[in-house]
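Visitor: Residue numbers (my numbering): 310 to 494.
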Amino acid sequence: MHFDQLCTHERCLGYWAIRIDAGQFGGIPLAGLRAVIAFDTPQHMISGNWTEILLIDETATPDQRAALQSILSGRAGGPWEVLARFVSTWLETRYPPIEFSGDEITKTVSIPGLLKSVVTRIRGRDRSKPVLFENIFNQIHAPTQVLATGETQYDDGVIRIATTRSHGLFSNFEWRVTQLEKAAS
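1. Measuring CB atoms only, is the stretch 317-327 touching the stretch 343-354, in the sense that at least three cross pairs come out at less than 8 Å?
2. By the DSSP assignment, the alpha helix (DSSP H) with R374 in it spans what residues?
3. Roughly how many whole angstroms lie between the Cα atoms of Y463 and D435?
4. Within the chosen definition, does the stretch 407-420 reach the stretch 370-385 through at least 3 CB pairs nearer than 8 Å?
5. To the nearest angstrom, how far is the alpha carbon of G477 from that of E443?
6. So who's on the other strand from L364, going by DSSP bridges?
7. So, with DSSP's three-state summary, where would you put L339?
8. For A437, does the three-state DSSP call read helix, strand or coil?
9. For T472 versus T458, is the C-beta spacing smaller than 7 Å?
10. In three-state terms, what does DSSP make of A393?
11. Within a Cβ cutoff of 7 Å, which residues of the same chain sit near S480, ignoring the five residues on either side of it in sequence?
12. Helix, strand or coil for S480 per DSSP?
Here's what the structure looks like:
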């Protein structure tokens, strides 16, 4: 799972759904916020020319919207800054209602009229434990992911995703960016 590997299909279409449980950015609290980043990339993702759209839940305040846009577009540094290098087309950020639900086995995300997705963890030999994808190197994922399968329908008029019985991943992870203040010259 590295961007230098070829995707199975001619285009890699997908999304990241993010629920922030705790945290802040520049003193702005982010706990409870939700966002989705939908993307369309070439088969060889590392070659760039990605199209992305950022969707931030309508409940975010203007300051929270600005903070999330700064983080998830890469302007704040950190892992998203690395991903932003691949994006050539940013679609206009939208602020729809985003709903998450789920438990340890199944996760859903929906945006009325735009996105409906469900992923369910794959059952392993020991049915009480998830199948894990471990020791991965990816800029935004934790090193251990839960393997899942699912269905996604997404269409914003530019990026269109329609999958059934496709793979999915989910995990809990942490991002930190240490911002250094520049001395005035």
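All C-beta atoms, glycine included, are put in the ideal place defined by N, C-alpha and C. It should be emphasised that the depicted structure is a prediction, and the values quoted were computed from it without experimental measurement.
Guide: With the given structure in hand:
1. Pairwise C-beta distances place the stretch 317-327 in contact with the stretch 343-354, as three or more of them are shorter than 8 Å.
2. Reading the sequence shown from its first residue, position 65 is the one you call residue 374. If you look at R374, you'll find it in the alpha helix (DSSP H) that goes 371-381.
3. Here residue 463 is taken as the residue at index 154 of the sequence shown, counted from 1. Here residue 435 is taken as the residue at index 126 of the sequence shown, counted from 1. Straight-line Cα distance between these residues: approximately 33 Å.
4. no
5. If you number the sequence shown from 1, residue 477 lands on position 168. If you number the sequence shown from 1, residue 443 lands on position 134. Cα-Cα distance, rounded: 14 Å.
6. Mapped onto the sequence shown, residue 364 falls at position 55. For L364, the pairing in a beta bridge is given by DSSP as V345, R403.
7. For the purposes of this step, residue 339 is taken as the residue at position 30 of the sequence shown. The answer is coil: DSSP assigns L339 none of H, G, I, E or B.
8. The residue labelled residue 437 in the question sits at position 128 within the sequence shown. Per the sequence presented here, residue 437 reads as Ser, with Ala not at that position. Residue state, collapsed to three classes: coil.
9. The sequence position of residue 472 within the sequence shown is 163, counting from 1. The sequence position of residue 458 within the sequence shown is 149, counting from 1. No, the Cβ-Cβ distance between T472 and T458 is not below 7 Å.
10. Along the sequence shown, one-based indexing puts residue 393 at 84. The answer is helix: DSSP assigns A393 an H, G or I state.
11. Position 171 of the sequence shown, counted from the first residue, corresponds to residue 480. So the list reads H450, A451, T453, Q454, V455, once near-sequence residues are dropped.
12. As a working mapping, residue 480 is identified with position 171 in the sequence shown. Annotated three-state conformation of S480 is coil, per DSSP.
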